[in-house]
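Chains as they are written, first to last, in full-length UniProt numbering: chain A, 1 to 468; chain B, 1 to 491.
So, in structure tokens, the structure goes:
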């Protein structure tokens, strides 16, 4: 609860700070706000509270999800130093919007009532629509924002429709109330509840870009300014899965028999669609978009096989995925900034293709190494956190005996290695531009932190486990 | 404790080597690898030949899942630990006359690889085993793809995808087996010996068998999973090829013995014959292709493919001699193949070619190379009193006991082996010198030093194999007894 208050207040304060002429204070202020929120998050550790007449709950699980989101946001914001130099950028607004969007994300992790879920989803989404279109001079960015907004509104409508149907059939908006209704199947459960559940799922699956609701993802990720793509692909996904997990494990675990097959089918479809299409991309940024779809697939495995391990699996996977993704986007930001020749009018080359990474490891060993670790982690190779993330996911499915789903996931993991390794090959085995890339200290810290976390969790995955 | 040292020490040494600049890296790497060798030999000498696991360690790792950091050395691991310790210093020494760009990274990767291999051969926890099994792949991938030949990028990429693909199936099998173990303190266990006690249905055993078999068959490789191998061996820099052929492919054979036979005996009963037939096809097919090769490195690659087929067949024969043969042959083959690749490397360093028709007449100026080459070659073609003979004899005996006809087919390996090996020797060493081989300089001191321990091993294992056989014997006997009883109890 504390982080929500802090983020809201500090976000407004940041807006006022924007009235100043000098922009130098903004980034430190934004980082400080996030750190404060992160520290405050753990204030209620090992205690569980209900707020707003039971609308919102904070417990250890909420706090862990919140911490992952705040930590990711912190790393992403740290990478945004370029805003200070860009005349057209509105950093105060961007930072404030990011802080506000985190409020939505935390609500999605802690909701006890569907209304709260809806408010959270909307706070997060509207913020994302704005950030996507924030590069006003860029047509790609404008188009992406419009697309995201239209599709997102559609999904929201479905989500809301689903909530209405659930309310109509169960007479309750609270998770506990719905669970109580679903736990008494003798009376015969209303068909409306099932339809409502499906619509809820569709709405949320859209937000985490699961197939077949993923078509917006590549365009939006590609069009949005890279820094916001990094934010989107980590924070929104974590929030979405926190919400899905809570919804399914608390309210609907009694009707597992109804939804697991649907979710398993969507999981397989997401894995296949994400991984196969990623192979055909020539832009690294678009590849990361498809990769984020495929990772939604891996995360869904844990939900489709809801069991004792699911909670841990989702938390671990979200963390591993977020850290590796931020690291990858950090390197992309540097490469794209310093190797692009694009002018304001859109002429020239945007250095976001795989070829832009050619020879990177030779000139910038740190960038090469950080990127390689991040790619290995996303591909799920041992020694990295990503391996254990996949391992936990596979375990949940094996525990439920869903071997066929595992086989699909395994085959798709092998496909995934193909496109993640294209970057490694480009960086290490190809010759490219001779000029090394300038890495500012902040970038260096972010990359080192991300790499250390990835490798640390890769060797000692148990570190995270006894937390909650 | 000793086992931990064997794994952690190379990691630390490699990380320190990364900091060294310039040519001193070679010496540092050699010293580092020699320390590991001394330690591995000490472990071998201290090893008590019985069926227990020794020098072990056991710590909590992922406590909520009951997955532990646990390892130890038993009679099945011990020869491989020795091999891994022996091969790396020789490979480092073999590079003394050559220069590789970015040497610090080159040698560090090699030591990281060694650490992972030690981990694979000593892990007692299934997931720890998998962890090292995959971790070994990363350094070798970079070694092969950064310092390899022209075609290295696509070729090593294929190798990487191939092996990961196989391993992922093994991961599924391991996770499945893990959930079949009984609950202790609220979680399952992943200790390999707990897997041995599982009572799986025949259907489950069949698919677990295949999941394991594909993983190990790709690693070894067994026909028809071998297509990555010749290209990778040729395109990799020779030190990496030595690691690949000398040690890494043994991970596959080791996996067969450690996992497939004891965990899924009914799966072996149902599919073991298929596996043997595939292995024997590999033996004959590999030899025939080897006869046709003009490139020395490719020829040795196919010979390795053929030899490893015999090891797989020996393991699946489920006889004590076959199993013993596989273990001793893993060590022998490691020694021989490293020697053969080094011969190819020495010739390449002087002539810039591996093509047999561009070589010839080397013997005239090179007494040392000729003698060493011949000894390694005789070891490879299994001449009595050399190491290859002991292993192949036991293996063929095992396969022959399993089935006479299959044994007969597998026996072709000896005839064909002699054909392609002697042909290679004749084409490269005898005849009239070509433009490339006139003024061929004999081996330097450091190059000769690489061969000395190899030759000692060839004769030691050939003349008195008891030194090595007796340490593996109790473990093999125990394993065989165990497989016999489980298979009966499951019926």
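C-beta atoms are modelled at their ideal positions from N, C-alpha and C, and glycine is treated no differently.
Subject >> Contact set between the region 166-189 of chain B and chain A, restricted to residues whose Cβ is under 7 Å from the partner >> reply: 168, 169, 171, 172, 175, 176, 179
Original post:
Apart from the five residues just before and just after residue 364(A), which ones in its own chain have a Cβ nearer than 6 Å to its Cβ?
Top reply: In the first chain, counting from the first residue as 1, residue 364(A) sits at position 364. The residues are 436, 437.
Original post:
chain B beta carbons: is any one of them nearer than 8 Å to that of residue 326(A)?
Top reply: Start at 1 with the first residue of the first chain, and residue 326(A) comes out as number 326. Chain B, which has no Cβ nearer than 8 Å to the Cβ of residue 326(A), makes this no.
**OP:** Count the other CB atoms, across all protein chains shown, that sit within 10 Å of the CB of residue 87(B); report buried if there are 16 or more and exposed otherwise.
**Re:** Position 87 of the second chain, counted from the first residue, corresponds to residue 87(B). Residue 87(B) should be labelled buried.
Subject >> Within-8 Å CB hit, residue 428(A) to chain B >> reply: The residue given as residue 428(A) occupies position 428 in the first chain. So yes, residue 428(A) belongs to the interface.
**OP:** Could you spell out where the beta strand (DSSP E) holding residue 95(B) opens and where it closes?
**Re:** Here residue 95(B) is taken as the residue at index 95 of the second chain, counted from 1. No beta strand (DSSP E) contains residue 95(B), which DSSP labels as neither H nor E.
Original post:
Starting from residue 132(B) and walking both ways along the alpha helix (DSSP H), at which residues does that stretch end?
Top reply: Your numbering for residue 132(B) matches position 132 in the second chain. Unbroken alpha helix (DSSP H) run through residue 132(B): 126-135.
Original post:
Mind checking if residue 452(B) is an interface residue toward chain A, Cβ cutoff 8 Å exclusive?
Top reply: For this step, residue 452(B) is matched to residue 452 along the second chain. Output row for residue 452(B): interface = no.
Subject >> Alpha-carbon spacing of residue 60(A) relative to residue 46(A), whole angstroms >> reply: Here residue 60(A) corresponds to residue number 60 of the first chain, with the count starting at 1. Here residue 46(A) corresponds to residue number 46 of the first chain, with the count starting at 1. Straight-line Cα distance between these residues: approximately 6 Å.
Original post:
From the beta carbon of residue 212(A), is the nearest beta carbon of chain B less than 8 Å away?
Top reply: Against the first chain, residue 212(A) aligns to sequence position 212. By this cut-off, residue 212(A) is not an interface position.
Subject >> Residue-level contact to chain B via CB, residue 274(A), 8 Å cutoff >> reply: By 1-based counting over the first chain, the position of residue 274(A) is 274. With 8 Å as the cut-off, residue 274(A) does not count as an interface residue toward chain B.
Original post:
Buried or exposed: which applies to residue 467(B), given that a residue is buried once 16 or more other Cβ atoms fall within 10 Å of its Cβ?
Top reply: Start at 1 with the first residue of the second chain, and residue 467(B) comes out as number 467. With fewer than 16 other Cβ atoms within 10 Å, it is exposed.
Original post:
When you compare each of 346(B), 179(B), 319(B) to residue 199(B) by their alpha carbons, which one comes out closest?
Top reply: Reading the second chain from its first residue, position 199 is the one you call residue 199(B). The residue with the shortest Cα to Cα distance from residue 199(B) is 179(B).
Original post:
Where DSSP assigns a beta bridge to residue 62(B), which residues make up the other side?
Top reply: Here residue 62(B) refers to the residue found at position 62 of the second chain. Per DSSP, 67(B).
Subject >> Paired residues, beta bridge with residue 251(A) - DSSP >> reply: The residue labelled residue 251(A) in the question sits at position 251 within the first chain. Answer by DSSP bridge pairing: none, since residue 251(A) is not bridged.
Original post:
Is it true that the CB of residue 323(A) sits closer than 8 Å to the CB of residue 357(A)?
Top reply: The residue you call residue 357(A) lines up with position 357 of the first chain. The residue you call residue 323(A) lines up with position 323 of the first chain. It is not a contact, given that the beta carbons lie outside the stated cut-off.
Original post:
Closest to residue 19(A) by CA distance: which of 460(A), 96(A), 325(A) is it?
Top reply: Walking along the first chain from the start, residue 19(A) turns up at place 19. Out of 460(A), 96(A), 325(A), 96(A) has the C-alpha closest to the C-alpha of residue 19(A).
**OP:** May I ask you to report which of helix, strand or coil DSSP gives residue 184(B)?
**Re:** By one-based count along the second chain, residue 184(B) stands at place 184. Three-state DSSP puts residue 184(B) in a strand.
**OP:** Starting from the beta carbon of residue 264(B), find every residue of chain A whose beta carbon is closer than 9 Å, and list them in chain order.
**Re:** Position 264 of the second chain, counting from 1, holds the residue named residue 264(B). Neighbours of residue 264(B) on chain A: none; closest Cβ ~15 Å, over 9 Å.
**OP:** With residue 57(A) as the anchor, note down where its beta strand (DSSP E) starts and where it stops.
**Re:** Residue mapping note: residue 57(A) aligns to position 57 of the first chain, counting from 1. 56-58 is the span of the beta strand (DSSP E), which, as asked, contains residue 57(A).
**OP:** May I ask you to list, following chain order, the residues of the region 285-306 of chain A that have a beta carbon less than 9 Å from some beta carbon of chain B?
**Re:** none
**OP:** Kindly indicate if chain B contains any beta-carbon less than 8 Å away from that of residue 395(A).
**Re:** Numbered from its first residue, the first chain carries residue 395(A) at position 395. Taking Cβ atoms only, chain B reaches closer than 8 Å to residue 395(A), which makes this a yes.
Subject >> Secondary structure of residue 174(A), DSSP reduced to three states >> reply: In the first chain, counting from the first residue as 1, residue 174(A) sits at position 174. In this structure, residue 174(A) counts as strand in the three-state DSSP scheme.
Original post:
Should residue 230(B) be labelled buried (16 or more other beta-carbon atoms within 10 Å of its own) or exposed?
Top reply: For this step, residue 230(B) is matched to residue 230 along the second chain. Under this definition residue 230(B) is a buried residue.
**OP:** Say whether the region 283-294 of chain A touches the region 201-221 of chain A, bearing in mind that this needs 3 or more beta-carbon pairs closer than 8 Å, one atom from each stretch.
**Re:** yes
Original post:
Start and end of the alpha helix (DSSP H) containing residue 50(A)?
Top reply: As a first step, residue 50(A) must be located in the first chain, where it is residue number 50. Not the alpha helix (DSSP H): residue 50(A) falls in the beta strand (DSSP E), residues 49-51.
Subject >> Residues near residue 197(A) in its chain [Cβ-Cβ closer than 8 Å; skip 5 each side] >> reply: Translated into positions along the first chain, residue 197(A) becomes position 197. These residues qualify, in order along the chain: 162, 166, 252, 255, 258, 259.
Original post:
In chain order, what residues of the same chain have a beta carbon less than 7 Å from the beta carbon of residue 194(B), not counting five sequence neighbours either side?
Top reply: Counting from one through the second chain, the residue named residue 194(B) turns up at place 194. Result list for residue 194(B): 181, in chain order.
Original post:
Exposed or buried, what is residue 226(B) when buried is set at 16 or more other beta-carbons lying within 10 Å of its beta-carbon?
Top reply: Position 226 of the second chain, counting from 1, holds the residue named residue 226(B). Label assigned to residue 226(B): buried.
Original post:
With distances taken from CA atoms, which of 485(B), 234(B), 469(B), 426(B) is nearest residue 155(B)?
Top reply: In the second chain, residue 155(B) corresponds to position 155, counting from 1. Closest option to residue 155(B), Cα to Cα, is 234(B).
Original post:
Along chain A, which residues have their Cβ under 9 Å away from the Cβ of residue 501(B)?
Top reply: A question about residue 501(B) goes unanswered here, because the residues of chain B that appear run from 1 up to 491.
**OP:** Could I get the ranges of all uninterrupted beta strand (DSSP E) runs contained in the region 388-462 of chain A, with 3 residues as the minimum, in chain order?
**Re:** none
**OP:** Report yes if the CB atom of residue 210(A) is closer than 8 Å to the CB atom of residue 270(A), and no otherwise.
**Re:** Mapped onto the first chain, residue 210(A) falls at position 210. Mapped onto the first chain, residue 270(A) falls at position 270. Yes, the Cβ-Cβ distance between residue 210(A) and residue 270(A) is below 8 Å.
Original post:
Assuming residue 8(A) contacts residue 119(A) under a Cβ cut-off of 8 Å, what Cβ separation, rounded to an integer in Å, is found between them?
Top reply: For this step, residue 8(A) is matched to residue 8 along the first chain. For this step, residue 119(A) is matched to residue 119 along the first chain. With a Cβ gap of about 13 Å, residue 8(A) and residue 119(A) do not count as contacting.
**OP:** For chain B, find out if any of its Cβ atoms is closer than 8 Å to the Cβ of residue 513(A); answer yes or no.
**Re:** In this structure chain A extends from 1 to 468, so residue 513(A) is not present and cannot be described.
Original post:
Whose C-alpha, out of 319(B), 387(B), 30(B), 361(B), is nearest the C-alpha of residue 93(B)?
Top reply: Start at 1 with the first residue of the second chain, and residue 93(B) comes out as number 93. When each option's Cα is compared against that of residue 93(B), the closest is 30(B).
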